[in-house]
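Trainee: This is the structure I want to talk about, given as structure tokens.
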Amino acid sequence: MREGPGVDVIVLAVIITALVFDFTNGFHDTANAMATSIASGALRPKVAVAISGVLNFIGAFLSVAVAKTISSGLVDDTKITPTVIFGGLIGAIVWNLATWFLGLPSSSSHALFGGLIGATWVAAGADAVHFATVVSKVLVPAVLSPIVAGVVAMVGTYLAYRITARRKDHGRVVRGFQSGQVVSASMVSLAHGTNDGQKTMGIISLTLVTAGMLPSGSAPPFWVILIAGTAIALGTYLGGWRIIRTLGKRVTEIEAPQGLAAETSSTAVILVSSQLGFPLSTTQVCTGAIFGAGAGRRLASVRWGMAGQMAIAWLLTLPSAAIVGAVAGRVAETGTAGTVVVALAGVAFGAGIYALSRRQPITARNVNDLPAGPQPAAAPA
Amino acid sequence: MSVSIDWAALGVVFLVSFAAGVGLIVLFSLGVNALATTTTEPPASPTHTHQKPAPRLTSIPPIAALCFLACALIVAYGLYLIIIK
């Protein structure tokens, strides 16, 4: 491989980009747990993101399971170098920022996998990519897990309204469900923290191993857990209000029983499938559950056009991140100068997206206000 | 390229998620329902308009308490799965 100083630069670059990715992962996924709680009024926006941030931080310390492979077997892990990881992370960050700007919930894990696949492909050839695993671990769950979560949430929502339909004291029913939502949303946040926090820790640890700075097969050092947990918690607290608005307001008008049903279904699907080793994306499960909760309430109008948009974004996630990851990996492969160029390009892209987002900022204050803008489906109130 | 989809495992994921998710939602809804019943049951005295702050802790009906307890147990098991496993 490369000589001393070059390796050090790339290892440092990987650690920093891994933390940046973790940060984007945080604000990209706040909506998973908190969009429905914010939309239904169960939690004030700032309180919701604070709870979610804290639970993501705690979650990073809770899990004893250590990510053993970087790519979960999607690519030949022996072909992965720090440069490949760097390129892959850049691809994932770019895609996360772009979809955040558009307010589209997409899987951070799929973005990461895509970036790694692209970077591995150019570095080690197509043979190093396990396409069958990509289909069974990425494509199939992406289609099925939102449907499973959606069906559970739909039946749950229907029954929740059916059971409480006769109660005249509507306020008390709503407050009851809102209280329950605090717990169900917290469970989603905690499950998210234990899953996604692990990914970044695994990447940093395995990079340290390949650089010979950590013995093979060792658990993440405490400082890695601490900085990874901090990065994802800060990202979560920042809020990602664009995606929160999409999931909380633009899919359907969420009421407290629907929010409880969506969050409970998401937690159930996430926990059951992780117990049985069935890989899935938290984002896709939660999105499916919100559509299901919309479909389960009579009189609720669901904007199914949004589902089409999201499906396209999900379909594009892996290939798009792969292309960026491939280019970034290829340039970084040329040496320290290349790595710096890629890093600067990444920073420039992030700054550009941020500048664009300031034109029409979405914040904790206006997250629940939906401008009657170019909304295709007319929503009866 | 041979792609094997483990339909059996997927079926198990669906059934267990369905049972746990829908079961928890139903239990919680029954609890909320029972809780809301206590305030709507005595509508005999509409003259007492300032009766709103109902004595909360004393008026939790046993059914509601049972439902919420069951919910708490399921949530605790979920926490066990997150933390221990």
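For the record, the sequence lines run as chains A and B.
Quick note: the first sequence uses this note's numbering, first residue 1, plus one each step.
Quick note: the second sequence uses this note's numbering, first residue 1, plus one each step.
For each residue, glycine too, the CB sits at the ideal point set by N, CA and C.
This one's a predicted model, so the numbers in the text were calculated from it and none came from an experiment.
(1) How many angstroms separate the CA atom of alanine 228/A from the CA atom of glycine 26/A?
(2) For the structure I just gave you, are there three or more beta carbon pairs, one from the stretch 150 to 168 of chain A and one from the stretch 107 to 124 of chain A, closer than 8 Å?
(3) Measure the Cβ-Cβ separation of serine 40/A and glutamate 333/A and say whether it is below 8 Å.
(4) Shortest alpha-carbon distance to valine 49/A belongs to which of Pro257/A, Val251/A, Trp241/A?
(5) For valine 129/A, does the three-state DSSP call read helix, strand or coil?
(6) Of the residues Ser274/A, Lys249/A, Leu74/A, Ile93/A, which one's Cα is nearest the Cα of arginine 303/A?
(7) From which residue to which residue does the alpha helix (DSSP H) around methionine 425/A run?
(8) List the residues that DSSP assigns as beta-bridge partners of glutamine 75/A.
(9) Please tell me whether phenylalanine 21/A and leucine 89/A are closer than 8 Å, where the distance is taken between their beta carbons.
(10) On the DSSP letters alone, give me the boundaries of the alpha helix (DSSP H) that glutamate 333/A sits inside.
(11) Measuring CB to CB, does isoleucine 147/A end up less than 8 Å from glycine 308/A?
(12) Going by the beta-carbon positions, is the gap between arginine 298/A and leucine 35/B smaller than 8 Å?
(13) Does glycine 21/B have its Cβ less than 8 Å from a Cβ in chain A?
(14) Indicate whether glycine 91/A and glycine 73/A have their beta-carbon atoms separated by less than 8 Å.
(15) Let me see if you follow: with CB-CB separation under 8 Å, is alanine 76/B close to chain A or not?
(16) Would you list, in chain order, the members of the stretch 291 to 323 of chain A that have their beta-carbon closer than 7 Å to a beta-carbon of chain B?
(17) In terms of residue numbering, what span does the alpha helix (DSSP H) encompassing glycine 88/A cover?
(18) State the DSSP-derived secondary structure class of glycine 217/A, mapped to helix, strand or coil.
(19) Return no unless some Cβ of chain B is closer than 8 Å to the Cβ of phenylalanine 57/A.
Mentor: With the given structure in hand:
(1) 11 Å
(2) no
(3) no
(4) Trp241/A
(5) strand
(6) Lys249/A
(7) With chain A covering only 1 through 381, there is no way to say anything about residue 425/A.
(8) Per the sequence shown, residue 75/A should be read as valine rather than glutamine. Bridge partners of valine 75/A: Val129/A.
(9) yes
(10) Element bounds for glutamate 333/A: n/a, residue is neither H nor E.
(11) no
(12) no
(13) yes
(14) no
(15) no
(16) none
(17) 82 to 101
(18) coil
(19) no
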